[in-house]
Structure formats: C-alpha cells, structure tokens
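Notes to accompany the following structure.
2 protein chains.
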Amino acid sequence: MKEKARCYHHGNLRDALILAAAELLEDSGSFAFSITDAARRAGVSNAAPYRHFRDKEDLLDNVRDLAFMGLHERLEETRGVNLDRAGTAETVIALGLTYLQYARDKKAFFSLMWEDRGQMHPERQNLRHKSTGFEILLNAIENHLVALGEQRELSGLNPRAVRIATQLWALAHGVATLEQNQLLDLFDKAAQAEQILIESSRALLAGTAPKDMSDHK
Amino acid sequence: MKEKARCYHHGNLRDALILAAAELLEDSGSFAFSITDAARRAGVSNAAPYRHFRDKEDLLDNVRDLAFMGLHERLEETRGVNLDRAGTAETVIALGLTYLQYARDKKAFFSLMWEDRGQMHPERQNLRHKSTGFEILLNAIENHLVALGEQRELSGLNPRAVRIATQLWALAHGVATLEQNQLLDLFDKAAQAEQILIESSRALLAGTAPKDMSDHK
DNA sequence: CGCTCAATGTTAACACAATAAACTTTGCAA
DNA sequence: TTGCAAAGTTTATTGTGTTAACATTGAGCG
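Chains B and W supply the protein sequences, listed in that same order. The first sequence maps to residues 53 to 269 in our numbering. The second sequence maps to residues 53 to 269 in our numbering.
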C-alpha cells in the first residue's frame, strides 16, 4: 500500500473523483455538478479526470453505480435484520420502507439513478440490473408466498413472485418520487409517505388473487 | 391579429420560445437543451429570451407547466370517453393507462416533470398542483366507491378516496418510470407495463379494506 | 403629425464548463 | 540506467448562460 504522496501521481484518482463527485452531488443537489469542481475537490487539475473517464457522463455513470450499490446494501441490511421473521408481509414492507428512506437520505443519488441522459451502454445496464436489489425483494416475496401455503418454485423463478415484486417496487418508487415532489399531501395535508406505502403495499398483497385461481390463459 | 412581420419585433416571442423549447426537448431528449438553441429555433438572437424569462430555469419551468397541462388534458379526455361507465374500476384503470401512455409519448416532458432542480417558487408549485389531474382520478375513485355502496361524501373530500387516489397515482408513476428505465422486464422478459399496471391497480382496489371496518384510531 | 418612451431585439463582452492537444513527471521493467 | 506508458499539467478551443449597452418599433399624446 502506498501512502498519500503529495507529488505528481495521486495514487487512486479514479476512486477519489467518484467520491468527490458523490459528495458534491449530495450537498449541491444533482443539478449543478461540474467535472471541474470534482477535480478541484480531488486536488487535481481540471483535465486530469479525462485520464480516467471518457467524459462527464462516464463519471456520473460511476456515481450512479455507487448509488445503486448503496441502495442494495441497505436492502441487504434490512433483510438481515428481518431474518427471524422471514416470510412475513412485514419483511416485504420493511424493504419498501428502506427504499423510501434511501430516497430521502440520498436525495441527489436517488434523482441521479432515474435521470435519463440518453442511452446507456449495455454493460452498464447489466451492472445496474445486478445492483437494483430486486432479487432481495423477490426473495422476500417468494418466502411470503410459501408461508401463505403456496408451493415453492424449485427450478428458477416464481413468475407470480416476480410480478408482485415488480408491482411493489413500482409502488415504493412512486411514493418516494411523489414525496420528493411534495405532491403526496396535495389533498391530505396529514398524509405520511410511510403510512401510504404501508397501507398500499398491504392492500396490494391482500388483493392479489391467490395462486390456485383458475388461470386458464 | 397581426400577421408575422419579419421586422424587428417578433409578436409573441414568449410563447414561441416555450414552444421551441418544448420541441427541442422532445426530439433531443430532456438532457442537452440550450437556451441558445431555443432562441435560434425561434429565429431570434441568443439574448432575446432574457427579455421574457429570468433565466434558463424560468423557461424550463414554463415548459414543465405545459407538460403538466398536456397530461391534464389527456386525463380529461379519458374521463370524457368513460362517462358512460362512471363508477367502474375500468374508468379508474383507464386513467392509469393514460398516464402510462403519456409517459411514453412524451418521454422528455415526463422526465422534465420529475426532474429536481433545487427549489420551486410557491406560485409555480401551486400551478403544478392544479395541473396534475389528481382531481380527475380522485373523482373517478369517489364515484367508484359510491358505486360499491359507500356513502358519498357531501361536504368536502372523501379521505378514503384521497388515499386510494394517491396510492394509484404512485403505482402508475412507478410503473411508467421503471418502464422508461427498462427495468420492468428485468426478470420477466415478457412483462408488459400495461399488464402490470392493470393487475396491480385491480389488486390494490380489491385489497383495500371496505369503509365499514372498525376504524377505531 | 411628429415626439417620446417603454417594450423588445441586437451585438458585444465575460465567466466558466467540457473537452482535446501538447507537454511533463514518474514508476517500473528490460 | 534508460526508456516507455500511465497519469498529471498547461493551454487552447468551443459553446452556453448571462449581463450590459445600444437599436428599433409601435402606441399614446402634444
């Protein structure tokens, strides 16, 4: 391990830049971010970043990855905490609440994650897919379905669980977004995001037809 | 009405600029938009916009308003088409589908609507609130609840309807967003946004506890 | 009619961000 | 030791946001 040499080479500029960018985003908001600032904060010249990133978007892509990984981490943590009550609806809902809380704590990250800047490289798309934490939610729902008496899918995915997971994800995402846009309390001044998310998640789970329904189609 | 004079004054530059901006956004995507381009497209110099807008953000705010109004219009239209089956769940779901379709048709508008650029002026915030079309959804749900046998709220809002509307809105928003990020078919390659939205909306409606439950709290 | 002024455009100028090009330093491997 | 590639630096170009100073126009008023 090399210590910080103040000399010419930074040592690990790439990571330092990603981190600097992340910090800037967090306290300046996801708008108003310049590669120049990131370089300044990392203590290098304005052109240095181009040795490590193709362009600004490339750097932002890496921050985005960081954001997705951060979310993933929190979801993992929530799963860990809820291991003793695996299979319950509470575990599923706890994951949704974690999502919501992440959106609040990391406002800029959350915005960045869903910002569309044209098209993404397929590789990066893949990385994102791995990092969304969808499988964590999926797993919790599979367990829940099993706990409800449904047979566990042995080979591959449980398509019902996949659908429910997608729906719950969308729900949590929508609640988080509306809250950030201050549109949640539009007509109900006392509305709380948590309350709304919990209630709707339960309703969605409750309203989903059990598997034994005739699915002749 | 004055015809287009090629002379010095444009006639209605303000609107022309908003329109130009909207067009640029639509075909270039919501990123990469410059006030310069908008001015060019409107046929005026680069500084002219500053006679009508405080700054870039002010112009974008106006485009955003346009976007919200466009959505509102479509929702109105959907309501009109469904007048004959008012009170049905289908009407409620049709509104959700309209939301989804708008997000697709007006990708850049939709992004712009939810883009966070710091804080908004309260007046503009109000305008946005008026334009979201929430009352349309709310009304459809109130009718639905009445059709289900619930007593119509005579004075003011039906808080249950407000909650359900908020939840359904969040759901539609989430589905639209995930679709735009190509995350809907993450694990289910055949997943269709419409299908997911319809199914989850129904489940949510079905799973919502009827009003007569003991709400001792 | 002709003046004058406010509204609305134009041009010129500045700061600053993205990015490319041409140099410089440095560590490591032959 | 030397020499090359990696990783910085400086410099320069271009484009955008924005302001300031100037120009044109139409409308209201003597």
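Don't be surprised by glycine CBs; every beta carbon is placed ideally from N, CA and C. As the structure is a computational prediction, the values presented were derived from the model and not from experiment.
The region 173–187 of chain B: positions lying closer than 9 Å to chain W by Cβ: Q177, R180, H181, T184, F186 and E187
Selected residue, minimal CA-CA separation from R116 (chain W), among W:D168, W:E142, W:V144 and W:L135: Position 64 of the second sequence holds residue 116 (chain W). When each option's Cα is compared against that of R116 (chain W), the closest is W:D168.
Inter-residue spacing [alpha-carbon to alpha-carbon] between L236 (chain B) and A243 (chain B): In the first sequence, counting from the first residue as 1, residue 236 (chain B) sits at position 184. In the first sequence, counting from the first residue as 1, residue 243 (chain B) sits at position 191. Those two C-alpha atoms are separated by around 7 Å.
Local Cβ density within 10 Å of V133 (chain B), reported as buried at 16 or more and exposed below that: Here residue 133 (chain B) refers to the residue found at position 81 when the first sequence is read from its first residue. Counting the other Cβ atoms within 10 Å of the Cβ of V133 (chain B) gives fewer than 16, which makes it exposed.
Test: R215 (chain W) CB closer than 8 Å to a CB of chain B: Walking along the second sequence from the start, residue 215 (chain W) turns up at place 163. Yes, R215 (chain W) lies at the interface with chain B (some Cβ there is under 8 Å from its Cβ).
Enclosing alpha helix (DSSP H) for R169 (chain W) [first to last residue]: For this step, residue 169 (chain W) is matched to residue 117 along the second sequence. No alpha helix (DSSP H) holds R169 (chain W); DSSP gives it neither H nor E.
CB contact check: P262 (chain W) to chain B, cutoff 8 Å: On the second sequence, residue 262 (chain W) is found 210 positions in, with the first residue counted as 1. Not an interface residue.
Contact check, T218 (chain B) vs I248 (chain W), beta carbons under 8 Å: The residue you call residue 218 (chain B) lines up with position 166 of the first sequence. The residue you call residue 248 (chain W) lines up with position 196 of the second sequence. Taking 8 Å as the Cβ cut-off, T218 (chain B) and I248 (chain W) qualify as a contacting pair.
Burial state of R270 (chain W), where buried means 16 or more other Cβ atoms lie within 10 Å: Absent from the model: residue 270 (chain W). The displayed extent of chain W is 53 to 269, so no value can be given.
Nonlocal neighbours in the same chain, by C-beta distance under 7 Å from D67 (chain B), ignoring five residues either side: Against the first sequence, residue 67 (chain B) aligns to sequence position 15. Closer than 7 Å at Cβ, skipping near neighbours: no residue.
G63 (chain B) - DSSP class collapsed to helix/strand/coil: In the first sequence, counting from the first residue as 1, residue 63 (chain B) sits at position 11. G63 (chain B) falls in the coil class under three-state DSSP.
Any C-beta of chain B under 8 Å from that of L278 (chain W): Here chain W has residues from 53 to 269 only, and residue 278 (chain W) is not among them.
As assigned by DSSP and simplified to three states, the class of T218 (chain W): As a position in the second sequence, residue 218 (chain W) is number 166, starting the count at 1. Three-state DSSP puts T218 (chain W) in a helix.
Reference E251 (chain W), options W:E142, W:L69 and W:E129, closest by Cα: Taking the first residue of the second sequence as 1, we reach residue 251 (chain W) at position 199. Minimum Cα-Cα distance from E251 (chain W) among the listed residues W:E142, W:L69 and W:E129 corresponds to W:E142.
Sequence-distant residues of its chain with Cβ nearer than 8 Å to L223 (chain W) (five each side left out): Against the second sequence, residue 223 (chain W) aligns to sequence position 171. Once the five neighbours on either side are set aside, the close Cβ partners of L223 (chain W) are G148, L249, S252, S253 and L256.
Within chain W, partners of H225 (chain B) - CB distance below 7 Å: On the first sequence, residue 225 (chain B) is found 173 positions in, with the first residue counted as 1. Under the 7 Å cutoff, chain W gives G226, T229 and L230.
Cβ contact (3+ pairs, closer than 8 Å) linking the region 81–94 of chain B and the region 155–172 of chain B: yes
Any chain W beta carbon closer than 8 Å to I145 (chain B): In the first sequence, counting from the first residue as 1, residue 145 (chain B) sits at position 93. No, I145 (chain B) does not count as interfacial toward chain W.
Reduced DSSP secondary structure (H/G/I, E/B, other) of A242 (chain B): By one-based count along the first sequence, residue 242 (chain B) stands at place 190. Correct three-state label for A242 (chain B): coil.
Where L236 (chain B) sits in the DSSP three-state scheme: Here residue 236 (chain B) refers to the residue found at position 184 of the first sequence. It is coil, neither helix nor strand.
CB contact check: I193 (chain W) to chain B, cutoff 8 Å: Residue mapping note: residue 193 (chain W) aligns to position 141 of the second sequence, counting from 1. Not an interface residue.
9 Å Cβ cut-off: residues of chain B touching S163 (chain W): Within the second sequence, the letter at position 111 stands for residue 163 (chain W). Within 9 Å Cβ-Cβ: W166, E167 and D168.
Under 9 Å by beta carbon: chain W residues contacting D240 (chain B): Residue 240 (chain B) sits at position 188 when you count from the first residue of the first sequence. Residues of chain W passing the Cβ test: L209, P211, V214, R215 and T218.
D113 (chain B) versus L123 (chain B) - alpha carbon distance: Working through the first sequence from its first residue, we reach residue 113 (chain B) at position 61. Working through the first sequence from its first residue, we reach residue 123 (chain B) at position 71. Their Cα atoms are separated by approximately 15 Å.
Delimiting residues of the alpha helix (DSSP H) encompassing Q153 (chain B): Reading the first sequence from its first residue, position 101 is the one you call residue 153 (chain B). It spans A141 to D157 - the alpha helix (DSSP H) in which Q153 (chain B) sits, taken as one unbroken run.
Proximity test, Cβ basis, 8 Å: G81 (chain W) and chain B: By one-based count along the second sequence, residue 81 (chain W) stands at place 29. For G81 (chain W), the nearest beta carbon of chain B is closer than 8 Å to its own beta carbon.
Proximity of G259 (chain W) and A119 (chain B) at Cβ, strictly below 8 Å: As a position in the second sequence, residue 259 (chain W) is number 207, starting the count at 1. As a position in the first sequence, residue 119 (chain B) is number 67, starting the count at 1. No, they are not a contact pair.
Environment of R180 (chain W) [buried if 16+ CB atoms lie within 10 Å]: As a working note, residue 180 (chain W) is residue 128 in the second sequence. Buried.
CB contact check: I87 (chain W) to chain B, cutoff 8 Å: Start at 1 with the first residue of the second sequence, and residue 87 (chain W) comes out as number 35. It does not: the Cβ of I87 (chain W) has no partner Cβ on chain B nearer than 8 Å.
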